[in-house]
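Colleague: Counting in this note's numbering, the sequence shown runs from 5 upward without gaps. Backbone N, C-alpha and C fix where the C-beta goes; we use that ideal spot for every residue, glycine too. Take a look at the following structure, please.
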Amino acid sequence: MKILATVDGSKHGKWAIEWLAEMPFAVQPVVRVLHIIDLASLRAPFMIQPAIVGTGRYIQSEVKRMEAAAKSTKKESEGLLSTLGLSGTVTTDQGAVAATIMKHAQRGVGLLSIGSRGLDALDRFMLGSISNHAIHHAPCSVLVVKESPRPVRHLVLAIDGSSASDKAVKFLIRNVNPTPDGLDREPVVVTVIHAVPYFKYPEVKEAGKALVQRYGAKLSKSGFQIREVLRLGKPADEILTVAKQEKADLIVTGAKGLGAIRRVLLGSVSTRVVQHAHCGVLVVR
């Protein structure tokens with residue numbers, strides 16, 4: 005699988021690479037690290053009063069600073085790939101950050117790894133503006149990294165019986181090794197959770213149990229250790245609660261669910277989970 009990891013010189017960008025070494029991939033991925041120089045960000049507010057004395061010199065110095073930072077980040081990222089034993093390259097490009105990431109993500113990329121926040125002073129609370137754009141518009145699956153890396157051995161898989169949930173299961177079976185090598189040799193445990201807002205009718209509860217068991221059986225057949233959970237309550241809140249209780253390393257969810265009103269490219273449940281999760285979140289497309 006080809007993976008695109010975005011860096012910006014922040015610790016979150018560094019984590020986007022480091023997490024890939026901790027993921028129990030079935031086959032070692034090919035990683036392309038991307039750093040973007042956004043020269044357009046220097047235009048405002050200077051375009052309003054272009055004649056201000058010293059503006060030109062300031063912009064020139066900022067351009068030099070950004071180019072120097074890009075070289076430093078490139079060197080650091082190359083060293084990180086080597087240290088972690090990851091196969092890949094480091095690329096520097098120019099352009100608007102979000103649009104440039106999407107451009108590179110369209111080049112046969114299967115997974116985009118991105119930090120939840122970066123160096124942008126205007127980053128949104130708990131989820132940076134760039135990563136927020138990525139989870140809604142990326143053409144591939146997105147891994148949102150929120151914390152320093154650790155071995156990924158316990159996953160919480162949120163399912164609702166939709167095609168998006170089916171894709172999430174297929175992604176795990178195809179790309180994750182249920183019995184990874186390593187010093188700990190711990191097997192991968194997947195907690196399959198289905199949450200419904202009410203159990204008014206017994207049929208709803210029974211259907212929920214059957215759904216969890218069906219997905220659990222698929223993963224168990226592929227070698228994963230399974231825990232099955234059926235919860236009553238708001239789906240996003242229950243997913244977050246279970247993930248915290250289980251001390252999950254990663255939450256896995258489909259990009260869209262069965263909600264009657266769907267947000268463009270990302271369901272409201274997935275959006276809330278990404279925004280408020282204590283750990284990393286993998287949004288599968």
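1. Name the DSSP beta bridge partners of residue 36, please?
2. In chain order, what residues of the same chain lie with their CB nearer than 7 Å to the CB of residue 92, ignoring the 5 residues before and after it?
3. Among all the DSSP beta bridges, which residues are the ones paired with residue 162?
4. Between the stretch 10-26 and the stretch 110-122, do at least 3 Cβ pairs fall closer than 8 Å?
5. Quick test of your reading: residue 259 and residue 288, contact by CB under 8 Å. State the CB separation rounded to the nearest angstrom.
6. Any idea if residue 150 is buried or exposed, counting beta-carbon neighbours within 10 angstroms, 16 or more meaning buried?
7. Between the Cα of residue 3 and the Cα atoms of 65, 67, 94 and 69, which residue gives the shortest distance?
8. Residues in the same chain with beta-carbon distance under 8 Å from residue 43, minus the five sequence neighbours each way, listed in chain order, please.
9. In the DSSP output, which residue or residues are listed as bridge partners for residue 64?
10. Contact between the stretch 233-243 and the stretch 189-204: three or more CB pairs below 8 Å?
11. Are residue 28 and residue 160 close, meaning C-beta to C-beta below 8 Å?
12. Using a Cβ-Cβ cutoff of less than 8 Å, which residues in the same chain neighbour residue 233 once the five nearest sequence positions on both sides are dropped?
13. Helix, strand or coil for residue 249? Go by DSSP, reduced to three states.
14. Using only CA atoms, which one of 11, 250 and 238 lies nearest to residue 78?
15. Within 10 Å of its beta-carbon, does residue 125 have 16 or more other beta-carbons around it, so buried, or fewer, so exposed?
Modeller: So, from the data block:
1. Counting from 1 along the sequence shown, the entry for residue 36 is found at position 32. Its beta-bridge partners are 8 and 93.
2. Numbered from its first residue, the sequence shown carries residue 92 at position 88. Here the set comprises 34, 35, 36, 37 and 85.
3. Within the sequence shown, numbered from 1, the residue matching residue 162 stands at position 158. Beta-bridge pairing links residue 162 to 197 and 257.
4. yes
5. Taking the sequence shown and counting its residues from 1, one reaches residue 259 at position 255. Taking the sequence shown and counting its residues from 1, one reaches residue 288 at position 284. Confirmed, Cβ separation roughly 7 Å.
6. Taking the sequence shown and counting its residues from 1, one reaches residue 150 at position 146. With 16 or more other Cβ atoms within 10 Å, it is buried.
7. With the chain covering only 5 through 289, there is no way to say anything about residue 3.
8. Numbered from its first residue, the sequence shown carries residue 43 at position 39. Once the five neighbours on either side are set aside, the close Cβ partners of residue 43 are 67, 70 and 98.
9. Here residue 64 corresponds to residue number 60 of the sequence shown, with the count starting at 1. According to DSSP, residue 64 bridges with nothing at all.
10. When C-beta atoms of the stretch 233-243 are compared with those of the stretch 189-204, three or more pairs fall below 8 Å, so the two segments count as touching.
11. Residue numbering aside, residue 28 sits at position 24 when the sequence shown is read from its first letter. Residue numbering aside, residue 160 sits at position 156 when the sequence shown is read from its first letter. For residue 28 and residue 160, no; Cβs fall outside 8 Å.
12. Position 229 of the sequence shown holds residue 233. The answer, listed in chain order, is 195, 196, 197, 198, 216 and 246.
13. Counting from one through the sequence shown, the residue named residue 249 turns up at place 245. Note: residue 249 maps to helix in three-state DSSP.
14. Along the sequence shown, one-based indexing puts residue 78 at 74. When each option's Cα is compared against that of residue 78, the closest is 11.
15. Along the sequence shown, one-based indexing puts residue 125 at 121. Because the pLDDT at residue 125 is just 44, under 50, the model does not fix this residue reliably, and the value given afterwards should be weighed accordingly. It counts as exposed.
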